[in-house]
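In this note's numbering, the protein residues as written are 1 to 97.
By construction, the Cβ of each residue, glycine as well, lies at the ideal position given by its N, Cα and C atoms.
Below is one structure; the comments refer to it alone.
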């Protein structure tokens, strides 16, 4: 009975003292928050890299499609270009034989 009184008096004199359980709980939350932050940063980096890679891929696709459109326009405006293309293809076939 007297020991309970001393414990109660100690708690009243130091109301903000943390117990071992509270320290462990706080430590666990800090650890969890650190891991969540690390995972969040890693996902942000991966998203950035994926976006950058897709933009680079899209730019190369646009360039190749622009080259294709340009070559089609050249063939349309120069009717003899198709003839030259066939001649070059025939020459390359002869060279392979």
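Shown here, residue 93 sits in a helix according to DSSP, grouped into three states.
In this structure, DSSP gives residue 19 a state outside helix and strand, which the three-state scheme calls coil.
Residue 52 and residue 44 have their C-alpha atoms roughly 12 angstroms apart.
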